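Just below is one structure, and these are the notes that go with it.
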Amino acid sequence: MKLTQAHRDALLDILRWRRDVRHFLSDPIDEAVLERLRAAMELAPSVGNASPWRVLNVVSPDKRAAVIANFEAANAEAAKLYEGEKRAEYNALKLAGLRDAPVHLAIFTETDPDEGHGLGRQTMPEMLAYSTVAAIHTLWLAARAENLGMGWVSILDPEGIATIFDVPANWSLTGYFCLGKAASDDDTPLLHRNDWQENSPTEWREV
Ligand SMILES: Cc1cc2nc3c(=O)[nH]c(=O)nc-3n(C[C@H](O)[C@H](O)[C@H](O)COP(=O)(O)O)c2cc1C
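Numbering (the UniProt record's numbering), first residue to last: 1 to 207.
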C-alpha cells in the first residue's frame, strides 16, 4: 500500500492532538469502539511477535475504588519528595482521571510467555515490557483517532495493583489507564500548560 500526503497529514494531526488526558466526561464508550481499540493493539510490534500484553477492562466498582486508594496513597508519598512551593505546585497537579473516566484498563506484561519462543529477549528481557508499551502507544493513538482521550496512571504501588486483580505471578504491571471523552482538546501537554515541564527537543546527533 502506497501512503499519500493525506495519510501523513492525518497521522500528524493524531500525533499532535494526542494528549495524556486527566479530565474526562463520564459518557460511556460503545462496546464496538472498545473492540476496535482492542484490535488496534494487535497491530503493534512486539519482540519475537510475542504480544506479551494482558489487558484487564476494570468494570468492578470495588476494584476501581481500591485502585483509587492505591493511587492516592502513592501520590501522597510522592508529594513528600518536594518541599515548600514545589510541593504545593505538585499537589495542585491533576495526575489521574480515575474518578470520571468511563473505562479503566489495567495493562500487564507477561514476563515469560511461550509466544515468541524466547526470540529477542535473552540479553534484554525488558523487551517484553517495551513491547507492551508499543501496544499502549498504539492504543493511545487509536483512541485519539476515535476522538477519545487516554491517561497513563503510573503513580501506583504495582504489587498492590497485582493483589487487587489477583493476577498470575508472572504478570508485571506496565500501566493503568483511564479512557473516555476528554473534557477539552489541547495540542499542548498539561504539564507544560501548568508550568511544570515543557517539551524538550529530541537529542539526535551524528556520531
Ligand atoms: C510511562 C508514562 C507514565 C506516565 N505516568 C503518568 C502519571 O502517573 N500521571 C500523569 O498525570 N501522567 C502520566 N504520564 C503522562 C505524561 O505526564 C505525559 O505524557 C507528558 O506530560 C507529555 O504530555 P502528553 O502525553 O499530553 O504529550 C505518563 C506518561 C508515560 C509515557
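Cβ atoms here follow ideal geometry from the backbone N, Cα and C, with glycine treated the same way.
Note that the structure is a prediction, hence the values are computed from the model and not measured.
Whole-Å CB distance - residue i paired with residue j, under 8 Å assumed
| i | j | result |
| --- | --- | --- |
| Ala134 | Ser172 | About 16 Å separates the two Cβ atoms, so there is no contact after all. |
| Leu141 | Arg19 | Actually they do not touch by this definition, with Cβ atoms about 12 Å apart. |
| Ala50 | Glu115 | 4 Å |
| Ala40 | Thr138 | 6 Å |
| Asn57 | Leu105 | 6 Å |
Buried or exposed (CB count within 10 angstroms, at least 16 for buried), residue i
| i | result |
| --- | --- |
| Pro52 | buried |
| Met1 | exposed |
| His117 | exposed |
| Arg22 | buried |
| Glu113 | In the sequence as displayed, the identity of residue 113 is Pro instead of Glu. Buried, since its Cβ has 16 or more Cβ neighbours within 10 Å. |
| Thr202 | exposed |
| Arg205 | exposed |
| Arg54 | buried |
Simplified DSSP state of residue i, which is helix, strand or coil
| i | result |
| --- | --- |
| Val153 | strand |
| Ile29 | coil |
| Ser200 | coil |
| Tyr176 | strand |
| Glu110 | strand |
| Asn49 | helix |
| Val133 | helix |
| Trp23 | Reading off the sequence, residue 23 comes out as His, not Trp. The answer is coil: DSSP assigns His23 none of H, G, I, E or B. |
| Val167 | coil |
Test item: CB-CB of residue i and residue j under 8 Å
| i | j | result |
| --- | --- | --- |
| Thr132 | Thr109 | yes |
| Leu25 | Gly180 | yes |
| Lys63 | Ile164 | yes |
| Cys178 | Val153 | yes |
| Ile14 | Leu95 | no |
Contact shell at 5 Å, judged by CB to any heavy atom of ligand 1, ordered along the chain: Arg19, Asp20, Leu95, Trp152, Val153, Ser154, Ile155, Pro189 and Leu191
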